[in-house]
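Below you'll find the structure, written out as structure tokens, and then a few comments.
In my numbering, the protein residues as written are 764 to 1027.
Laid out in structure tokens, this is it:
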């Protein structure tokens, strides 16, 4: 069996970043449990918990998810209760931040994320990502909505007249798009009992889940402590990564997000 410890050996930059993320997760977990908010480890974080008992050795991010119905409440709580060394980063707290999911940033580090070198975010420390899930009519509908959201993001970051003109026609439809999103959220809140969920609009992932995957939440060991996880971990991981998710991928397929990490 291949020895993977060279990726994140004790004292390495990556292991230091993973431990900082774990500290953020512990604060997040405490706050969610205090306020009875369900969350789940997802994606590569959940895969790491299942396959490695913690971080995937080469992984340098950490993902959690909550229901959209809890998301706004959670952000308000985090703004009030995070310790001084952590900061919530969301569209509501950082005018330069355009992602439709939130991050909790460590203020005593700098995380140089590949592909975001020119982004003018207020904070760029080590982080965990907080995604939201909500009912959607179909993945096709979500893709169409997200196409307009993406055009808005690109318009906001346009650097040339060509780009501005290119995306102006798309963003002219944004009032209609916002209205459609509002209608679908009202429909699923008050009328429909649908259990088909996906990532919220503006988050460019297109998996569709039955909520029975997630609720009631289970728990899973991750770096020596139990955290919340989907109800059916194996089903979630099989649908996302295939039936061979417990197999270690080839070295060429082991990807990271950071080009450099500094600690203060």
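By construction, the Cβ of each residue, glycine as well, lies at the ideal position given by its N, Cα and C atoms.
What residue does the beta strand (DSSP E) around residue i start on, and which one ends it?
{"i": "residue 985", "result": "981-985"}
{"i": "residue 809", "result": "Run containing residue 809: none in the beta strand (DSSP E); it sits in the alpha helix (DSSP H), 806-815."}
{"i": "residue 997", "result": "Here residue 997 belongs to no beta strand (DSSP E); instead the alpha helix (DSSP H) covers 996-1004."}
{"i": "residue 891", "result": "890-898"}
{"i": "residue 770", "result": "Premise fails: residue 770 is in no beta strand (DSSP E) and is neither H nor E."}
{"i": "residue 882", "result": "Where residue 882 is concerned, there is no enclosing beta strand (DSSP E), given that its DSSP letter is neither H nor E."}
{"i": "residue 970", "result": "It is not in any beta strand (DSSP E) - residue 970 carries neither H nor E in the DSSP assignment."}
{"i": "residue 850", "result": "849-852"}
Take residue i as the anchor and find which of the options has the nearest alpha-carbon.
{"i": "residue 1003", "options": "1017, 972, 985, 994", "result": "972"}
{"i": "residue 965", "options": "825, 912, 959", "result": "912"}
{"i": "residue 784", "options": "872, 853, 814, 999", "result": "872"}
{"i": "residue 1005", "options": "810, 876, 800", "result": "810"}
{"i": "residue 960", "options": "854, 906, 860, 974", "result": "974"}
{"i": "residue 1027", "options": "1016, 776, 903, 827", "result": "776"}
I believe residue i touches residue j by the beta-carbon criterion, under 8 angstroms. Please report the beta-carbon distance rounded to the nearest angstrom.
{"i": "residue 874", "j": "residue 1024", "result": "6 angstroms"}
{"i": "residue 803", "j": "residue 993", "result": "5 angstroms"}
{"i": "residue 823", "j": "residue 849", "result": "In fact, because the Cβ distance is near 18 angstroms, the residues do not count as touching under 8 angstroms."}
For a quick check, are the C-beta atoms of residue i and residue j less than 7 angstroms apart?
{"i": "residue 798", "j": "residue 867", "result": "no"}
{"i": "residue 891", "j": "residue 825", "result": "yes"}
{"i": "residue 780", "j": "residue 889", "result": "yes"}
{"i": "residue 897", "j": "residue 831", "result": "yes"}
{"i": "residue 857", "j": "residue 833", "result": "no"}
{"i": "residue 814", "j": "residue 984", "result": "no"}
{"i": "residue 895", "j": "residue 790", "result": "no"}
{"i": "residue 844", "j": "residue 794", "result": "yes"}
{"i": "residue 976", "j": "residue 995", "result": "yes"}
{"i": "residue 1022", "j": "residue 877", "result": "yes"}
{"i": "residue 837", "j": "residue 800", "result": "yes"}
{"i": "residue 817", "j": "residue 982", "result": "no"}
Under three-state DSSP, which class holds residue i?
{"i": "residue 868", "result": "strand"}
{"i": "residue 1013", "result": "coil"}
{"i": "residue 800", "result": "coil"}
{"i": "residue 961", "result": "strand"}
{"i": "residue 978", "result": "coil"}
{"i": "residue 788", "result": "helix"}
{"i": "residue 906", "result": "helix"}
{"i": "residue 826", "result": "strand"}
{"i": "residue 793", "result": "helix"}
{"i": "residue 992", "result": "strand"}
{"i": "residue 876", "result": "strand"}
{"i": "residue 1008", "result": "coil"}
{"i": "residue 1024", "result": "strand"}
{"i": "residue 966", "result": "coil"}
{"i": "residue 776", "result": "helix"}
{"i": "residue 783", "result": "helix"}
Starting from residue i and walking both ways along the alpha helix (DSSP H), at which residues does that stretch end?
{"i": "residue 844", "result": "831-844"}
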